[in-house]
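Read in the working numbering, the sequence shown has 121 at position 106, and its numbers run on one by one without any break.
Beta carbons are placed, not taken as given, at the ideal position from N, Cα and C, and that holds for glycine.
Only a predicted model underlies this, so the values are computations on that prediction, with no experimental measurement involved.
Structure, as structure tokens:
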Amino acid sequence: MKRREDLFAYLKAIGVSHTTLEHPAVFTVGEGAEIKAALPGSQTKNLFLKDAKDSLWLISALGETTINLKRLHPVIGSARLSFGSPILMQETLGVTPGSVTALGLINDTGGRVRFVLDAALALADPVNFHPLTNTATTALSQAGFRTFLASLGITPLVVDFASMTVKD
Numbered sequence: 016m017k018r019r020e021d022l023f024a025y026l027k028a029i030g031v032s033h034t035t036l037e038h039p040a041v042f043t044v045g046e047g048a049e050i051k052a053a054l055p056g057s058q059t060k061n062l063f064l065k066d067a068k069d070s071l072w073l074i075s076a077l078g079e080t081t082i083n084l085k086r087l088h089p090v091i092g093s094a095r096l097s098f099g100s101p102i103l104m105q106e107t108l109g110v111t112p113g114s115v116t117a118l119g120l121i122n123d124t125g126g127r128v129r130f131v132l133d134a135a136l137a138l139a140d141p142v143n144f145h146p147l148t149n150t151a152t153t154a155l156s157q158a159g160f161r162t163f164l165a166s167l168g169i170t171p172l173v174v175d176f177a178s179m180t181v182k183d
């Protein structure tokens with residue numbers, strides 16, 4: 016599993032600049048208002064999910080986005096969704112609860128996790144994610160984030176959570 020230092024080396028190797036702010040651990044979107052105030056760009060919420068057919072899903076959205084899991088599964092083409100276990104999270108993304116991040120996709124070398132991106136977050140610039148640990152936040156430009164995803168062979172499924180529709 017890649018760790019934070021490995022992630023930063025990878026971003027450098029693919030030409031993605033970033034800035035990172037160290038801070039006390041935060042475990043939920045609602046925590047750390049003073050930290051968020053010091054960061055430019057959009058804060059994110061990230062959900063690691065498993066569906067009833069054992070497919071894995073990672074959702075990254077703007078921090079204030081409401082995600083209705085009961086209505087989401089037909090939109091994304093999954094079976095009914097529930098939260099994935101901490102063990103499965105560690106095995107696939109290399110993170111623990113409270114540290115879920117789209118940057119964890121660097122550890123999904125088996126391509127087990129399907130990535131869903133909030134349409135509003137897809138327009139935000141810069142975007143902020145935990146760098147595999149919840150004691151820091153890393154800001155990337157939207158272009159840099161897309162370069163990261165493309166380098167991993169990931170094309171996100173973009174969903175407008177307000178209308179519950181898939182975007183092209």
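Residue span of the alpha helix (DSSP H) that contains residue i, given as start and end
{"i": "residue 85", "result": "84-91"}
{"i": "residue 162", "result": "157-166"}
{"i": "residue 69", "result": "Run containing residue 69: none; DSSP gives neither H nor E here."}
{"i": "residue 17", "result": "Careful: residue 17 lies outside any alpha helix (DSSP H) and carries neither H nor E."}
Boundaries (first-last residue) of the beta strand (DSSP E) holding residue i
{"i": "residue 37", "result": "33-37"}
{"i": "residue 140", "result": "First-last for residue 140: undefined, no H or E at that position."}
Rounded distance between the beta-carbons of residue j and residue i, thought under 8 Å
{"i": "residue 103", "j": "residue 71", "result": "7 Å"}
{"i": "residue 75", "j": "residue 117", "result": "4 Å"}
{"i": "residue 108", "j": "residue 128", "result": "7 Å"}
{"i": "residue 40", "j": "residue 150", "result": "5 Å"}
DSSP-derived helix/strand/coil call for residue i
{"i": "residue 154", "result": "strand"}
{"i": "residue 135", "result": "helix"}
{"i": "residue 23", "result": "helix"}
{"i": "residue 190", "result": "In the structure as shown, the chain begins at 16 and stops at 183. Residue 190 is therefore absent and cannot be evaluated."}
{"i": "residue 40", "result": "coil"}
{"i": "residue 76", "result": "strand"}
Check: residue i C-beta below 7 Å from any heavy atom of the ligand GDP
{"i": "residue 34", "result": "Absence of the ligand GDP is noted for the structure shown, with no ligands found whatsoever."}
Counterpart residues of residue i in DSSP-defined beta bridges
{"i": "residue 57", "result": "142"}
{"i": "residue 62", "result": "74"}
{"i": "residue 180", "result": "175"}
Quick one: which unbroken beta strand (DSSP E) runs of 3-plus residues sit fully inside the stretch 98-133? Chain order, please. 128-133
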